[in-house]
Each structure stands twice: as structure tokens, then as C-alpha cells.
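Okay, so here's the structure we're looking at.
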Amino acid sequence: MPFVKLYANLRKLAGTKEVPITEATIGAVLNELVKRNPPLEDVILENGRLRPHIVVTLNGHNVIDFNMQVSEQDVIAIFPPIAGG
Amino acid sequence: MAGWSEKILDIDLSKKTYKTYPLDMEMARLFIGGRGLGARLLWEMVGPEVDPLSPENVLIFTNGPLTGTGYQTSNRFSVSTKSPLTGTVLDANSGGFWGMQFKKAGYDVMIVRGKAERPVWIEIKNDEITFHDASELWGMRVFAVTQKLGQNNNKRNVLCIGPAGENLSRIASIMNDRERALARGGPGAVMGSKNLKAIVVEGKERPAINDPERFKFLLYETRKLLAASPLTSQALPEFGTVVLMNIMNNIGALATRNHQQTQFEGAEAISGEELTEKYLVKNASCWACPIGCTRISKTEKVEGEGPEFESTWAFGAQCGIDDLPAIIEANTLCNDLGLDTISAGSTIACAMELSEKGYMDSDLRFGRADQLAPTIEAMAYRKDVGADLADGSLRLATKYGHTELSMSAKGMEMPAYDPRGMQGQGLLYATSNRGGCHMRGNMVGPEVLGLPKMIDRFQVQGKSSFVILHQNVSAAIDSLVVCKFTNMGVSDEYFARVLSSVTGIQYDTGELTRVGERVWNLERMYNLREGFTRKDDTLPPRLLNDAPTDGPSKGWVVQLEPMLKEYYRGRGWDENGVPKPKKLADLGLAGL
Numbered sequence: 163m164p165f166v167k168l169y170a171n172l173r174k175l176a177g178t179k180e181v182p183i184t185e186a187t188i189g190a191v192l193n194e195l196v197k198r199n200p201p202l203e204d205v206i207l208e209n210g211r212l213r214p215h216i217v218v219t220l221n222g223h224n225v226i227d228f229n230m231q232v233s234e235q236d237v238i239a240i241f242p243p244i245a246g247g
Numbered sequence: 002m003a004g005w006s007e008k009i010l011d012i013d014l015s016k017k018t019y020k021t022y023p024l025d026m027e028m029a030r031l032f033i034g035g036r037g038l039g040a041r042l043l044w045e046m047v048g049p050e051v052d053p054l055s056p057e058n059v060l061i062f063t064n065g066p067l068t069g070t071g072y073q074t075s076n077r078f079s080v081s082t083k084s085p086l087t088g089t090v091l092d093a094n095s096g097g098f099w100g101m102q103f104k105k106a107g108y109d110v111m112i113v114r115g116k117a118e119r120p121v122w123i124e125i126k127n128d129e130i131t132f133h134d135a136s137e138l139w140g141m142r143v144f145a146v147t148q149k150l151g152q153n154n155n156k157r158n159v160l161c162i163g164p165a166g167e168n169l170s171r172i173a174s175i176m177n178d179r180e181r182a183l184a185r186g187g188p189g190a191v192m193g194s195k196n197l198k199a200i201v202v203e204g205k206e207r208p209a210i211n212d213p214e215r216f217k218f219l220l221y222e223t224r225k226l227l228a229a230s231p232l233t234s235q236a237l238p239e240f241g242t243v244v245l246m247n248i249m250n251n252i253g254a255l256a257t258r259n260h261q262q263t264q265f266e267g268a269e270a271i272s273g274e275e276l277t278e279k280y281l282v283k284n285a286s287c288w289a290c291p292i293g294c295t296r297i298s299k300t301e302k303v304e305g306e307g308p309e310f311e312s313t314w315a316f317g318a319q320c321g322i323d324d325l326p327a328i329i330e331a332n333t334l335c336n337d338l339g340l341d342t343i344s345a346g347s348t349i350a351c352a353m354e355l356s357e358k359g360y361m362d363s364d365l366r367f368g369r370a371d372q373l374a375p376t377i378e379a380m381a382y383r384k385d386v387g388a389d390l391a392d393g394s395l396r397l398a399t400k401y402g403h404t405e406l407s408m409s410a411k412g413m414e415m416p417a418y419d420p421r422g423m424q425g426q427g428l429l430y431a432t433s434n435r436g437g438c439h440m441r442g443n444m445v446g447p448e449v450l451g452l453p454k455m456i457d458r459f460q461v462q463g464k465s466s467f468v469i470l471h472q473n474v475s476a477a478i479d480s481l482v483v484c485k486f487t488n489m490g491v492s493d494e495y496f497a498r499v500l501s502s503v504t505g506i507q508y509d510t511g512e513l514t515r516v517g518e519r520v521w522n523l524e525r526m527y528n529l530r531e532g533f534t535r536k537d538d539t540l541p542p543r544l545l546n547d548a549p550t551d552g553p554s555k556g557w558v559v560q561l562e563p564m565l566k567e568y569y570r571g572r573g574w575d576e577n578g579v580p581k582p583k584k585l586a587d588l589g590l591a592g593l
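As given, the protein sequences belong to chains A and B, one line each in that order.
Heads up: the first sequence begins at 163 in this note's numbering, then just goes up one per residue.
Heads up: the second sequence begins at 2 in this note's numbering, then just goes up one per residue.
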């Protein structure tokens with residue numbers, strides 16, 4: 163089952179570090195995630211698209227298309243706006 | 002003219018004398034302050050014949066026209082010198098409070114030259130300069146010296162070296178305000194070579210502002226912008242810089258075990274989230290900073306500032322160590338001894354690899370958290386194994402016949418970002434004028450975080466234009482001087498407007514970036530004069546030839562050569578990386 167991993171303040175909002183979600187595409191995974199964890203919606207999505215500076219990766223590669231297919235062993239990571247150096 | 006004090010303090014330690022004279026204001030207009038002004042003065046004062054640890058080298062402390070004005074993060078200052086680590090031009094800059102106090106003392110620049118016969122410390126109270134005997138302070142650690150000399154954040158500020166600087170470690174830092182650091186490239190060794198233990202400043206002058214009403218408005222606007230940005234109002238204050246650990250690991254660009262891997266299985270255990278949950282006592286801020294990214298962390302053994310992301314990485318992933326308390330303690334120990342954490346951690350990692358492969362006879366091993374503190378101690382005092390490590394990884398690896406195991410560029414240890422997963426970062430390291438560094442522009446913004454917009458981190462073609470822009474903007478910000486984190490909420494345009502309101506000279510964004518380009522080219526010319534050539538614009542062979550065998554960066558090496566050619570063209574340099582006469586003339590650098 164694909165896992166969604168959450169980082170930084172997303173963990174506090176969702177009350178967990180990771181969420182197993184079985185959906186076929188990245189877009190469907192994100193929609194299911196915010197449906198289960200409503201506080202995340204305003205932070206991650208805006209009019210059905212990613213908010214500025216939200217980084218979503220699929221197995222470590224940047225997600226650029228919500229239609230990207232998700233398979234059984236995949237890991238989706240979501241990072242809120244972060245900075246440092 | 003408002004913004005600048007228009008005064009240079011020039012100290013000769015050999016004679017224990019000082020003089021003051023006016024700052025060349027045309028030079029100030031062209032190079033502003035901080036790093037730019039420091040590089041310009043260094044060009045005149047320190048040539049190729051000068052050994053970095055000889056009395057002929059100088060320390061040039063500079064602030065900028067914004068320093069001490071109260072503009073957000075206007076606390077920073079620089080020191081410029083010839084680096085004893087790399088032999089290149091060097092500036093290191095630091096936050097805290099000392100820079101603001103130095104400006105209030107009435108100087109734009111302080112040059113320290115010569116060598117005192119015996120250890121001294123200097124006290125500056127505006128026009129009153131006093132040389133004190135430092136015999137009792139010599140040998141003392143940074144925290145003790147800072148306390149003894151009367152550190153008081155807003156009134157009296159202490160800058161000093163620790164034992165590492167006294168013992169001429171080429172990775173020694175200069176510390177200010179107890180735990181802020183002019184860290185990289187070994188400026189602490191230059192200060193130690195001059196028998197100068199500390200500089201204490203108390204200032205009374207308020208920096209003059211040309212248009213106070215406009216300045217006040219921009220102050221208000223900047224406050225709003227920083228409060229509105231999730232980066233400066235949430236991410237940095239809540240988790241500090243260490244929050245980068247998980248994302249760099251996730252994308253396969255977290256250098257691990259001396260860059261042998263690009264992902265660390267212990268990343269979560271040393272992440273910003275873990276630090277915040279278990280070890281954070283409170284946030285702290287530099288002077289006039291509303292962001293407050295500084296962590297005050299506590300373990301059973303220590304309580305202090307930090308650690309920052311790079312320090313946590315250097316003692317963590319780079320050494321294969323996932324013990325966060327040990328990393329926090331290593332960071333505090335480096336601050337107390339006056340050592341650069343990035344170079345110290347990466348040098349220990351280099352020694353671990355040399356030892357594991359049987360090239361070096363020591364028991365240092367990846368993952369051994371218990372070895373961090375004793376090795377750092379040994380480095381600062383040049384004892385036992387530390388004698389080999391005190392001068393950085395390149396000299397260490399060369400001594401044992403495996404130069405290729407030093408993860409450095411131009412001799413300076415690179416920070417956390419493994420450039421095999423970030424092609425632009427590779428070009429940035431290879432072309433950085435002070436060596437492997439993430440503060441000369443940092444491609445983590447566009448290549449990883451989507452700041453200001455996400456670009457493909459594996460893309461090669463066209464990447465040089467981003468690197469050039471970041472390098473130029475970085476040089477401009479370092480010359481103002483403000484904190485680069487401000488730029489995450491406030492555009493360059495604001496900096497130009499603030500600079501104009503403070504100085505009365507009209508700068509626009511283009512002119513500010515052009516100052517950065519001027520500084521970059523001057524630094525390049527300095528390095529060329531020192532004998533550096535195109536062949537020095539390179540990276541360790543591991544990054545050019547050995548692709549990771551797993552993770553998101555699997556199969557990638559840094560495609561340096563095509564990026565470098567494009568970079569030289571984009572810079573207006575010839576195929577050997579030498580700025581063309583027309584470029585120098587366009588930048589007002591003709592005749593160099």
C-alpha cells in the first residue's frame with residue numbers, strides 16, 4: 163500500500179507522520195489525504211492545486227503532474243514551505 | 002554621507018599603534034560594504050607573495066551601510082583575509098550583535114595588520130582604542146573569554162578566538178557574541194597568527210539615515226512581508242534550518258559517510274522535527290531580526306545555540322552518526338574551541354573513511370558518536386590524531402596519499418548538499434571563489450524547495466544562468482550586509498530601495514545585482530592572481546565519476562564540463578575562466 167509521509171508542521175496538523183492511502187494517482191491520494199485530515203487542506207491545496215512552495219515527491223522525485231500513477235510500494239512525501247541552509 | 006561612517010580604523014599590532022582615515026567614497030559606492038568592500042581592500046593590500054599566516058596578511062572587518070540601522074537583520078558583518086585553508090580570497094560573515102556595535106563605534110572598516118609580540122586584546126570605545134595584555138586569556142576557551150571580557154548583547158560585544166585559532170588550525174573560526182561564528186576558511190588561524198585574542202567593542206553613535214521617513218516606511222513594509230511569508234514567519238522560527246534534513250534525504254541529495262552515499266538511514270533521528278520535539282529549549286534572534294531561526298538546544302551535558310543544518314549534517318550524516326545529543330554537544334564544543342563545524346565534521350568523516358580503508362592508522366569509524374568530542378578536542382589542540390586533522394580534509398587526505406577522499410572544492414569542505422542530485426549546486430561549488438560553500442549562492446532554493454520556482458535539479462543545459470544570478474545576488478546581499486534569510490520574504494528590489502533611503506544614492510535592483518557581479522569578478526581576479534586556474538574549478542573525483550547505486554539520484558554524476566563552459570560564456574570570461582577585458586571595463590574593474 164502506498165504511504166504518504168508528512169513533514170514539519172504537517173505532522174502536527176495531521177496528528178501523524180505517515181498515512182497509508184490506496185489510490186491510483188497522486189491527485190487522488192492528495193484529495194483522500196485532505197478528506198481524512200481536513201486541517202491539511204488549507205495548507206496544501208488551493209483551488210485543487212498545490213499551494214506555493216509545497217513540495218510533493220514520489221519516491222524522491224518531484225511531482226509535477228497530479229495524474230502521475232501511484233503503485234503499491236510507492237512513497238509520497240509532502241513538505242510544507244521550508245527553508246534553511 | 003549617510004549610511005557609511007566614512008572612516009577606516011587601521012591597527013598595526015607589530016607597533017601597537019592605530020590610525021584612522023577617510024573611506025574612499027567612490028570605492029564605497031561601487032562595492033557598498035561587507036564582503037565587497039573587504040575584497041576591494043584585500044586586493045590592494047595582500048598579494049600572492051603573502052603567506053596567509055604571516056604578519057603581512059591582514060584581517061579586514063567590515064560592516065555595511067545598512068548595518069546597525071535597525072533594518073530587519075541589519076546585524077551582520079564580515080571579515081576578509083587571504084584564507085590559510087584555501088589560499089583564495091576569503092570573507093566570512095556572521096550575525097549576532099557585534100556587527101551592530103562595531104558600526105555604532107563609528108567605523109565602516111577595521112584593518113588589523115602585523116603581529117603582536119605577545120598576546121593582546123583590543124578594546125574599542127568609539128575613538129578610544131586600547132591594547133590590553135592577553136597573557137591570562139591565552140589558552141582560554143571562547144565561552145569563558147566572552148564572559149570575562151563583559152559580553153552584554155546590546156552594549157558591549159566580544160569577538161575572540163579559541164584554542165583552535167591560537168594553535169593555527171586552518172579550519173579555526175573567529176567567534177562573536179559567544180556562539181556566532183565567522184566560521185569558514187580559517188580566519189581564526191589568521192587572528193591567532195597575529196597573537197590577537199579578542200576585540201571588544203562599545204559604540205555610541207547612531208548610524209545616520211538619509212531619508213528617515215522613507216526608511217521607516219520600508220521598515221514597516223518589510224515587517225509585513227516577513228510576517229506574511231510562511232518561510233520567514235513559520236518554517237524558520239518553528240523548526241530552524243535543520244528542517245532541511247528530511248527533504249534533502251528524501252530526494253537523495255544528502256551527502257552521507259564522506260559522500261559515499263546520498264541518503265542516510267538515520268536522517269529522521271537528526272532532523273529538525275526531532276530537534277524541536279526533544280531538545281529545543283527556545284528560539285533566539287540576532288539583533289533586529291524578527292525571524293528568530295536560532296535554536297537554543299539542551300542535552301544532559303550542554304545548553305547552547307544551534308545546531309544549524311550544516312553542522313548537524315557534518316557531524317551526523319557525513320559521519321554516519323544518528324545520535325542527536327552527541328551532535329549537539331559536538332556543535333557546542335566547536336563553538337567553545339573556535340572551530341568551523343562544517344570543515345571539522347567533514348574532516349572527521351574523511352579520516353573515518355581513510356581509517357576504514359586502511360590508509361590511515363586510527364580507530365576512527367563511521368557511526369561512532371563517542372569519537373566526536375575527543376576528536377574535536379584533539380583537533381583544536383593538535384594532539385594525537387587531531388594533529389593530522391587540524392588543517393582540514395585536503396591536507397589530511399594528501400598526507401595519506403588519497404587526496405581524492407577530501408570532499409572539498411579548492412580545499413574547502415563542501416556542505417550537506419550532494420551535487421550528484423543537484424547539478425546546479427555542483428557548478429556552484431566548483432566555481433565558488435572561496436571554495437566548497439553554500440553561502441555563495443545556493444541552488445537548494447530553485448532545485449529543491451521551489452524558491453522562487455522549481456527547476457529540474459538534474460537538468461544541465463541552461464543551469465549556469467541560475468547559478469550566475471544566485472552568485473551575484475548573494476555577493477550583493479553580503480555587501481549590504483543583511484541576512485540571506487530576509488531575501489526569502491523580501492525581494493532584492495526592497496534591498497535596493499532601503500539602500501537608497503539610507504545612503505541617498507539611488508540604487509535599483511539592476512545596479513545592486515551589478516555590484517554583486519563586480520564583487521564576484523574582483524574575487525575571481527584575486528584568485529587568478531594567486532595562481533588559481535581553470536583546473537581548480539572542479540570537484541572531488543567521486544562526484545564526477547561515481548554515480549550513486551540507489552535512491553533518487555541513482556546513476557547521476559555531476560556533469561560539470563558542459564555547465565562550466567556555459568558558465569564561463571555567461572560570465573563573459575574566456576575559455577580558461579579569465580574575465581575578458583571588456584567585462585572588467587563594463588564593471589569598472591579595468592586595470593586590475
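Idealized CB from N, CA, C, for every residue including glycine.
Q. Anyone know if the C-beta pair for B/Leu406 and B/Leu355 falls short of 8 Å?
A. In the second sequence, the residue the question calls residue 406 of chain B occupies position 405. In the second sequence, the residue the question calls residue 355 of chain B occupies position 354. Yes. Within cutoff.
Q | Neighbour flag for A/Asn229 against chain B, beta carbons, 8 Å | A | Working through the first sequence from its first residue, we reach residue 229 of chain A at position 67. Not an interface residue.
Q. Candidates B/Pro549, B/Pro188, B/Glu512: which alpha carbon is nearest B/Leu340's?
A. Sequence index remark: in the second sequence, residue 340 of chain B carries index 339 (1-based). Measuring from the Cα of B/Leu340, the nearest candidate turns out to be B/Pro188.
**Q.** Which of helix, strand or coil DSSP assigns to A/His215
**A.** Taking the first residue of the first sequence as position 1, residue 215 of chain A is located at position 53. Coil at A/His215, not helix or strand.
Q: Compare the C-beta of B/Gln235 against all C-beta atoms of chain A and say whether one is closer than 8 Å.
A: Against the second sequence, residue 235 of chain B aligns to sequence position 234. It does: the Cβ of B/Gln235 has a partner Cβ on chain A nearer than 8 Å.
Q: List the residues that DSSP assigns as beta-bridge partners of B/Arg572.
A: Indexing the second sequence from 1 puts residue 572 of chain B at position 571. Paired residue(s): none; B/Arg572 is not in a bridge.
Q. Under 7 Å Cβ-Cβ, which residues of chain B neighbour A/Val217?
A. For the purposes of this step, residue 217 of chain A is taken as residue 55 along the first sequence, with counting starting at 1. Here the neighbours are Ile248, Leu450, Gly451.
Q.
Please list the terminal residues of the continuous alpha helix (DSSP H) segment that includes B/Trp521.
A. Locating residue 521 of chain B in the second sequence gives position 520, counting from the first residue. Here the alpha helix (DSSP H) through B/Trp521 covers 510-530.
Q. At least one CB of chain A closer than 8 Å to the CB of B/Thr242: is that the case?
A. For the purposes of this step, residue 242 of chain B is taken as the residue at position 241 of the second sequence. So yes, B/Thr242 belongs to the interface.
Q) Cβ of B/Pro208 within 8 Å of Cβ of B/Gly69? A) Taking the second sequence and counting its residues from 1, one reaches residue 208 of chain B at position 207. Taking the second sequence and counting its residues from 1, one reaches residue 69 of chain B at position 68. A contact, by the Cβ cut-off of 8 Å.
Q. Chain A partners of B/Ile252, CB-CB under 7 Å?
A. Translated into the one-based positions of the second sequence, residue 252 of chain B becomes position 251. Chain A residues near B/Ile252: Thr219, Gly222.
(Q) Helix, strand or coil for A/Phe241? Go by DSSP, reduced to three states. (A) Within the first sequence, the letter at position 79 stands for residue 241 of chain A. The answer is strand: DSSP assigns A/Phe241 an E or B state.
Q | Assumed close pair B/Val121, B/Asn196 - CB separation to whole angstroms, cut-off 8 Å | A | Locating residue 121 of chain B in the second sequence gives position 120, where the first residue counts as 1. Locating residue 196 of chain B in the second sequence gives position 195, where the first residue counts as 1. Right, their Cβ atoms sit about 6 Å apart.
Q) What residues of chain A sit near B/Glu180, judged by a beta carbon separation below 7 Å? A) Here residue 180 of chain B refers to the residue found at position 179 of the second sequence. Result: empty, since nearest Cβ-Cβ is about 18 Å, beyond 7 Å.
Q.
Among B/Arg36, B/Thr233, B/Ala29, B/Gly253, whose alpha-carbon lies nearest the alpha-carbon of A/His255?
A. Residue 255 of chain A falls outside the range modelled here, since chain A spans only 163 to 247, and no answer is possible.
**Q.** Buried or exposed (CB count within 10 angstroms, at least 16 for buried), B/Thr333
**A.** Within the second sequence, residue 333 of chain B is the residue found at index 332, counting from 1. Its Cβ being crowded by 16 or more others within 10 Å, B/Thr333 is buried.
**Q.** Beta-carbon spacing of B/Gly39, B/Ile9 below 8 Å
**A.** Within the second sequence, residue 39 of chain B is the residue found at index 38, counting from 1. Within the second sequence, residue 9 of chain B is the residue found at index 8, counting from 1. No, Cβ-Cβ distance for B/Gly39 and B/Ile9 is not below 8 Å.
**Q.** Min CB distance A/Arg173 to chain B below 8 Å
**A.** Reading the first sequence from its first residue, position 11 is the one you call residue 173 of chain A. A/Arg173 counts as touching chain B.
Q: Could you tell me which chain B residues have their CB closer than 9 Å to the CB of A/Phe241, listed as they occur along the chain?
A: Translated into the one-based positions of the first sequence, residue 241 of chain A becomes position 79. Those within 9 Å of A/Phe241 in chain B are Val244, Asn247, Ile248, Asn251, Leu450.
Q) Beta carbon of B/Glu414, beta carbon of B/Ser475: below 8 Å? A) On the second sequence, residue 414 of chain B is found 413 positions in, with the first residue counted as 1. On the second sequence, residue 475 of chain B is found 474 positions in, with the first residue counted as 1. Not in contact: B/Glu414 and B/Ser475 (Cβ atoms no closer than 8 Å).
Q | Proximal residues of chain B, C-beta to C-beta of A/Gly189 below 9 Å | A | On the first sequence, residue 189 of chain A is found 27 positions in, with the first residue counted as 1. Simply none; closest approach about 18 Å.
Q | Within chain A, partners of B/Phe1 - CB distance below 9 Å | A | Limits of chain B in this structure are 2 at one end and 593 at the other, which puts residue 1 of chain B out of reach.
Q.
Any contact between the stretch 461-471 of chain B and the stretch 564-577 of chain B? By contact I mean 3 or more CB pairs, one from each, below 8 Å.
A. yes
Q: Check the C-beta distance from B/Val113 over to B/Tyr527 and give it rounded, since I have them as a contact under 8 Å.
A: Locating residue 113 of chain B in the second sequence gives position 112, counting from the first residue. Locating residue 527 of chain B in the second sequence gives position 526, counting from the first residue. With a Cβ gap of about 19 Å, B/Val113 and B/Tyr527 do not count as contacting.
Q: Figure out for me which residue from B/Val483, B/Cys290, B/Gly317, B/Thr539 has the closest Cα to the Cα of B/Gly427.
A: Start at 1 with the first residue of the second sequence, and residue 427 of chain B comes out as number 426. It is B/Thr539 whose Cα lies nearest to the Cα of B/Gly427.
Q: For my contact list, B/Gln102 and B/Gly204 are in at a C-beta cut-off of 8 Å; report their separation, rounded to the angstrom.
A: Locating residue 102 of chain B in the second sequence gives position 101, counting from the first residue. Locating residue 204 of chain B in the second sequence gives position 203, counting from the first residue. B/Gln102 to B/Gly204, Cβ: 5 Å. Contact.
(Q) If you measure between the beta carbons of A/Asn202 and A/Ala176, is that distance less than 8 Å? (A) Within the first sequence, the letter at position 40 stands for residue 202 of chain A. Within the first sequence, the letter at position 14 stands for residue 176 of chain A. The sequence given here places Leu at residue 202 of chain A; Asn does not occur at that position. Yes, Cβ-Cβ distance for A/Leu202 and A/Ala176 is below 8 Å.
Q: Tell me, please, whether the CB atom of A/Ala186 is closer than 8 Å to any CB atom in chain B?
A: As a position in the first sequence, residue 186 of chain A is number 24, starting the count at 1. No - not a single Cβ of chain B is within 8 Å of the one on A/Ala186.
Q.
Distance cutoff 8 Å, beta carbons only. Does A/Ala170 sit that close to anything in chain B?
A. One-based indexing of the first sequence puts residue 170 of chain A at position 8. It does: the Cβ of A/Ala170 has a partner Cβ on chain B nearer than 8 Å.
Q: Could you work out which residue in B/Ala391, B/Ile210, B/Arg258, B/Ile322 is closest to B/Ala370 when comparing CA atoms only?
A: Start at 1 with the first residue of the second sequence, and residue 370 of chain B comes out as number 369. Of the listed residues, the one whose Cα sits closest to B/Ala370 is B/Ile322.
Q.
Mapping the DSSP letters down to three states, classify B/Lys536 as helix, strand or coil.
A. The sequence position of residue 536 of chain B within the second sequence is 535, counting from 1. Residue state, collapsed to three classes: helix.
Q: Please report the residue range of the alpha helix (DSSP H) in which B/Asn158 lies.
A: Translated into the one-based positions of the second sequence, residue 158 of chain B becomes position 157. No alpha helix (DSSP H) contains B/Asn158, which is instead part of the beta strand (DSSP E) from 158-161.
Q: Return helix, strand or coil for B/Gln426, following the three-state DSSP convention.
A: On the second sequence, residue 426 of chain B is found 425 positions in, with the first residue counted as 1. Helix.
(Q) Would B/Leu588 and B/Glu518 qualify as a contact pair, given that the criterion is a beta-carbon distance under 8 Å? (A) For this step, residue 588 of chain B is matched to residue 587 along the second sequence. For this step, residue 518 of chain B is matched to residue 517 along the second sequence. Against a cut-off of 8 Å, the Cβ pair of B/Glu518 and B/Leu588 comes out as a contact.
Q: Helix, strand or coil for B/Pro402, going by three-state DSSP, please let me know.
A: Numbered from its first residue, the second sequence carries residue 402 of chain B at position 401. Checking the sequence shown, residue 402 of chain B turns out to be Gly, not Pro. B/Gly402: coil per DSSP, three-state reduction.
Q) the stretch 418-444 of chain B: which residues have C-beta closer than 8 Å to a C-beta of chain A, in chain order? A) His439, Met440, Asn443
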